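Chemist:
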Amino acid sequence: MNIIAIIEDDVHIGDVLAQLLRSEGYGVLRAYSGTEALYLLAQQKPDLVLLDLMLPGLSGEELLPRIRHIPVIVLSAKADVQDKVDLLLGGAADYITKPFHPRELLARIRVQLRKAENAGGSSLLTCGGLTLDTTAQSASVDGRPVRLTRTEYAILKLLMTNPRQAIARGVLLDRISADTPDCTERSLKQHISNLRRKLQAVNGTDYIETVWGIGFKLADPEPDAMPGRKS
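Last residue of the sequence shown: 1420 (this note's numbering), numbering continuous.
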């Protein structure tokens, strides 16, 4: 049974969501503030999180980058396009504007759970000729192994698990901090540059794209594409 965490301070909305999810066979966890959510997620790992933004204490925007390796669907009355873009780039898997239809929410939940299940079914992440083996914690380009530092591996893994998503520098640092506490905002650019150089040295392809004003994303290289811009 999949477990879904509802992080919502409005008791009525939370109750309606909990009833809907239980009727579909999901297990439900509840948190009513950002601080309570942090404690909850430290004790249990749900399969998916429904996150309100306007929470007492720690806001949904502040909480989102602290939720790792769990798909998050933001439920918010904020309908501004820029708000949606910022949250999706900041790590949200999906964004639904309140009010919403229950069937749409259930469909989006199923999509995210299916994605998570499929992602967990293989230890290999690929992009063009680039392959990352998350079990062996090794990388290769066109079948040729590339030796990476612990920090470079953590950066590449995060980019490859979010292949079409630009990840802000602050979010990237936060997401890899548990595995690479030595990486700082000052050193991140050098780590990215070293990683990019190692991958590009094999076949000339630049696998990492700088998204100006935001951060970095995994490039979608074509066989004869010119290398992208440097950071």
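Even glycine gets a Cβ: it sits at the ideal position worked out from N, Cα and C.
Computed from a prediction, not measured in an experiment: that's the story for all the values here.
Give the single residue among 1255, 1290, 1248 whose Cα lies nearest to the Cα of residue 1223.
Modeler: Residue mapping note: residue 1223 aligns to position 34 of the sequence shown, counting from 1. Residue 1248 is the option with its Cα nearest to residue 1223.
Chemist: Does the separation of the CB atoms of residue 1407 and residue 1334 fall below 8 Å?
Modeler: Numbered from its first residue, the sequence shown carries residue 1407 at position 218. Numbered from its first residue, the sequence shown carries residue 1334 at position 145. Their beta carbons are not under 8 Å apart, which means residue 1407 does not touch residue 1334 by this criterion.
Chemist: Going along the chain, which residues of its own chain have a beta-carbon closer than 8 Å to the beta-carbon of residue 1392, five neighbours each way excluded?
Modeler: Position 203 of the sequence shown holds residue 1392. Excluding sequence neighbours, residue 1392 sits near 1318, 1330, 1331.
Chemist: Just verifying my parser: in three-state terms, what is the DSSP assignment at residue 1195?
Modeler: On the sequence shown, position 6 is the one that residue 1195 refers to. Correct three-state label for residue 1195: strand.
Chemist: Determine, using beta carbons only, whether residue 1230 and residue 1240 come nearer to each other than 8 Å.
Modeler: Position 41 of the sequence shown holds residue 1230. Position 51 of the sequence shown holds residue 1240. Contact flag unset, no.
Chemist: Mind checking which residues open and close the beta strand (DSSP E) that includes residue 1255?
Modeler: Looking up residue 1255 in the sequence shown gives position 66. Segment: none, residue 1255 is in no beta strand (DSSP E) and carries neither H nor E.
Chemist: Touch check for the region 1285-1293 and the region 1260-1269: three-plus C-beta pairs under 8 Å?
Modeler: The answer is yes - the region 1260-1269 touches the region 1285-1293, with three or more Cβ pairs under 8 Å.
Chemist: Can you say whether residue 1214 is buried or exposed, counting buried as having 16 or more other CB atoms within 10 angstroms of its CB?
Modeler: Walking along the sequence shown from the start, residue 1214 turns up at place 25. It counts as exposed.
Chemist: Of the residues 1306, 1291, 1405, 1305, which one's Cα is nearest the Cα of residue 1384?
Modeler: Residue numbering aside, residue 1384 sits at position 195 when the sequence shown is read from its first letter. Residue 1384 has its Cα closest to that of 1405, out of 1306, 1291, 1405, 1305.
Chemist: Does the beta-carbon distance from residue 1294 to residue 1191 come in below 8 Å?
Modeler: If you number the sequence shown from 1, residue 1294 lands on position 105. If you number the sequence shown from 1, residue 1191 lands on position 2. Not in contact: residue 1294 and residue 1191 (Cβ atoms no closer than 8 Å).
Chemist: DSSP on residue 1241, reduced to helix/strand/coil?
Modeler: Taking the first residue of the sequence shown as 1, we reach residue 1241 at position 52. Reduced to three states, the DSSP call for residue 1241 is strand.
Chemist: Whole angstroms are fine: how far does the CA of residue 1324 sit from the CA of residue 1399?
Modeler: The residue given as residue 1399 occupies position 210 in the sequence shown. The residue given as residue 1324 occupies position 135 in the sequence shown. In a straight line, the C-alpha of residue 1399 is about 28 Å away from that of residue 1324.
Chemist: So within the region 1195-1229, which uninterrupted beta strand (DSSP E) runs reach at least 3 residues, ignoring any that extend past its ends?
Modeler: Runs found: 1216-1220.
Chemist: Let me know the secondary structure DSSP gives residue 1413 once reduced to three states.
Modeler: Start at 1 with the first residue of the sequence shown, and residue 1413 comes out as number 224. Legend: pLDDT at residue 1413 = 38, less than 50; position of this residue unreliable, value from coordinates given subsequently. Coil at residue 1413, not helix or strand.
Chemist: How is residue 1366 classed by DSSP in three states: helix, strand or coil?
Modeler: Here residue 1366 is taken as the residue at index 177 of the sequence shown, counted from 1. DSSP places residue 1366 in coil when its eight states are reduced to three.
Chemist: Only counting runs of 4 or more residues, tell me where the alpha helix (DSSP H) segments fall wholly within the region 1294-1363, in order along the chain.
Modeler: Qualifying alpha helix (DSSP H) stretches, in chain order: 1339-1350.
Chemist: Count the other C-beta atoms from every protein chain shown that fall within 10 angstroms of the C-beta of residue 1263, then say buried if there are 16 or more, exposed otherwise.
Modeler: Taking the sequence shown and counting its residues from 1, one reaches residue 1263 at position 74. It is buried - the Cβ of residue 1263 has at least 16 other Cβ atoms within 10 Å.
Chemist: Which partner residues of residue 1263 appear in the DSSP bridge assignment?
Modeler: Position 74 of the sequence shown, counted from the first residue, corresponds to residue 1263. Per DSSP, 1240, 1284.
Chemist: Beta-carbon within less than 7 Å of residue 1242's beta-carbon, same chain only, minus the 5 sequence neighbours each way: which residues are those?
Modeler: Position 53 of the sequence shown holds residue 1242. Once the five neighbours on either side are set aside, the close Cβ partners of residue 1242 are 1248, 1249, 1250, 1263, 1265, 1267.
Chemist: Less than 8 Å separating the beta-carbons of residue 1345 and residue 1328?
Modeler: Here residue 1345 refers to the residue found at position 156 of the sequence shown. Here residue 1328 refers to the residue found at position 139 of the sequence shown. In this structure, residue 1328 lies closer than 8 Å to residue 1345 by Cβ.
Chemist: Beta-carbon separation of residue 1278 and residue 1355 under 8 Å?
Modeler: In the sequence shown, the residue the question calls residue 1278 occupies position 89. In the sequence shown, the residue the question calls residue 1355 occupies position 166. Contact flag set, yes.
Chemist: Got a sec, what are the start and stop residues for the alpha helix (DSSP H) residue 1278 sits in?
Modeler: Residue mapping note: residue 1278 aligns to position 89 of the sequence shown, counting from 1. Segment 1270-1278, the alpha helix (DSSP H) holding residue 1278.
Chemist: Please state whether the Cβ-Cβ distance between residue 1260 and residue 1194 is less than 8 Å.
Modeler: Residue numbering aside, residue 1260 sits at position 71 when the sequence shown is read from its first letter. Residue numbering aside, residue 1194 sits at position 5 when the sequence shown is read from its first letter. Cβ atoms of residue 1260 and residue 1194: not closer than 8 Å.
Chemist: Can you name the residues that DSSP bridges to residue 1381?
Modeler: To locate residue 1381, count along the sequence shown from 1; it is residue 192. Paired residue(s): none; residue 1381 is not in a bridge.
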